[in-house]
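Numbering (the numbering used here), first residue to last: 6 to 305.
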Amino acid sequence: MSPHVTGRTKLAGLIGWPLDHSLSPVMHNAAYEALHLDWVYVPLPVQDSSDIYRFFGALSVLPFVGVNVTTPYKQIMLDLCDEVAMLAQMAGAVNTVHCADGRTIGYNTDGRGLLEAIETETGFVPEGRRVVLLGAGGAAGAAFVSLVLGKAAHIAVVNRSPERAEELLGRMSAHMRGTESEVVALGDTAREAVDAADLIVNATTVGMNPEDPSPIPAEWIKPTHLVTDMVYRSGSTRLLDAARAAGAQTVDGLAMLVCQAAIAIDIWNPSAQNTTPRDVLKQAALDEIAARGEERGTGD
Numbered sequence: 006m007s008p009h010v011t012g013r014t015k016l017a018g019l020i021g022w023p024l025d026h027s028l029s030p031v032m033h034n035a036a037y038e039a040l041h042l043d044w045v046y047v048p049l050p051v052q053d054s055s056d057i058y059r060f061f062g063a064l065s066v067l068p069f070v071g072v073n074v075t076t077p078y079k080q081i082m083l084d085l086c087d088e089v090a091m092l093a094q095m096a097g098a099v100n101t102v103h104c105a106d107g108r109t110i111g112y113n114t115d116g117r118g119l120l121e122a123i124e125t126e127t128g129f130v131p132e133g134r135r136v137v138l139l140g141a142g143g144a145a146g147a148a149f150v151s152l153v154l155g156k157a158a159h160i161a162v163v164n165r166s167p168e169r170a171e172e173l174l175g176r177m178s179a180h181m182r183g184t185e186s187e188v189v190a191l192g193d194t195a196r197e198a199v200d201a202a203d204l205i206v207n208a209t210t211v212g213m214n215p216e217d218p219s220p221i222p223a224e225w226i227k228p229t230h231l232v233t234d235m236v237y238r239s240g241s242t243r244l245l246d247a248a249r250a251a252g253a254q255t256v257d258g259l260a261m262l263v264c265q266a267a268i269a270i271d272i273w274n275p276s277a278q279n280t281t282p283r284d285v286l287k288q289a290a291l292d293e294i295a296a297r298g299e300e301r302g303t304g305d
């Protein structure tokens, strides 16, 4: 159902490029209807990075409640927002912007959405557990922060570029709270870290396209692992296929997408009596996937 737009309708949307396959508009608009909010959520494709500055300046003068941010603009938002929440500063990326009283406040809901999805789907909590985190970009930073706050015992950051992973650990060094961490180069040397892990998190973009391989060899995955993918595709990723074949528990990117979207709406709607209904968001996404009948993936 299309949203009913009036002269009083507030705006929200998703900034990024490309956005053709994003599920966020249908999910958000379904939630707004359920919450009786006179809001509408639209895709805001910005292809040229130089245009993001001009667009962002309009947020404070147009009736926006907020925007979500996806590739490739999550990190530049750290400099554009008037204020950035501590968790987003630690993660090194902003994926949610709240527009309030003429100011823009940056948040990161990816890591919180990841842990909520994992606990909701499987009951797993990171406290005292060992984690392998694949990647060292913005999504990995968000996951790392939330895993530290969740009191994970050990996090091994596995990345093609050890230097980028070292940068992530350096940014987090003052906030480790007893969590041990290490950088492991992607390759055969990472197998030992994977073998010792309770949770494997793919925070790379590998898996967004149907032809993408698994970011780690299938034979490394054991039935004792919990494996989750932060990227979302309407079809399964090779990593999750391998995990299921090995008898491991899995959580796909849709579960995280639902949770982080709900958290964003709660940030924009702080006076609400009830939290955003996750079931409404998920059903809207599933209905859209069925209507499209497609396989290509998206992160938001």
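Note that the Cβ used here is the ideal one computed from N, Cα and C, for glycine as well.
Bear in mind the structure is a predicted one, so any value in this text is a computation, not a measurement.
Using only CA atoms, which one of the options lies nearest to residue i?
i    : options                   : result
D284 : A36, V66 and I20          : A36
D87  : T75, Y112, A96 and M95    : Y112
G155 : H41, M181, R169 and T209  : M181
V236 : W225, P215 and A250       : P215
L83  : T109, G192, S55 and L174  : T109
E168 : L191, V10, Q265 and L42   : L191
M213 : H103, L245, L286 and P30  : L245
L28  : I272, D271, G258 and A195 : G258
On the three-state DSSP scale, how would you describe residue i?
i    : result
W22  : coil
Y46  : strand
L174 : helix
I294 : helix
I268 : helix
R301 : Annotation note: pLDDT 42 at R301 (below 50); position unreliable, coordinate value reported separately. Three-state result, R301: coil.
S260 : Correcting the residue identity first, residue 260 is Ala in this sequence and not Ser. It is helical.
L152 : helix
R165 : coil
V66  : coil
L16  : strand
R158 : It should be pointed out that residue 158 corresponds to Ala in this sequence rather than to Arg. Here A158 sits in coil by DSSP.
A36  : helix
V285 : helix
V51  : coil
With a cut-off of 8 Å on the beta carbons, I'd call residue i and residue j a contact; round off their distance for me.
i    : j    : result
V45  : T14  : 5 Å
G71  : A247 : Not confirmed; about 37 Å, so no contact.
P228 : G252 : 4 Å
V99  : G21  : That belief does not hold up - the Cβ atoms of V99 and G21 are roughly 12 Å apart, past 8 Å.
L85  : L16  : Actually they do not touch by this definition, with Cβ atoms about 18 Å apart.
Quick one: complete alpha helix (DSSP H) runs, 4+ long, within the region 70 to 141? Secondary structure remark: continuous alpha helix (DSSP H) runs of at least 4 residues inside the region 70 to 141, in chain order: 82 to 85, 91 to 96 and 115 to 127.
Would the region 148 to 162 and the region 286 to 301 be scored as touching if the rule is three or more Cβ pairs under 8 Å? By the Cβ rule, the region 148 to 162 does not count as touching the region 286 to 301, because fewer than three pairs are nearer than 8 Å.
The region 270 to 279 touching the region 131 to 151, judged by at least three CB pairs closer than 8 Å: Because the criterion of three Cβ pairs below 8 Å is not met, the region 270 to 279 and the region 131 to 151 do not touch.
contact_flag[the region 116 to 126, the region 170 to 189] where n(CB pairs < 8 Å) is 3 or more: no
Tell me the start and end of each unbroken beta strand (DSSP E) in the region 196 to 258 that is at least 3 residues and wholly inside, in chain order. Counting only runs of 3 or more, we get 204 to 207, 231 to 234 and 254 to 256.
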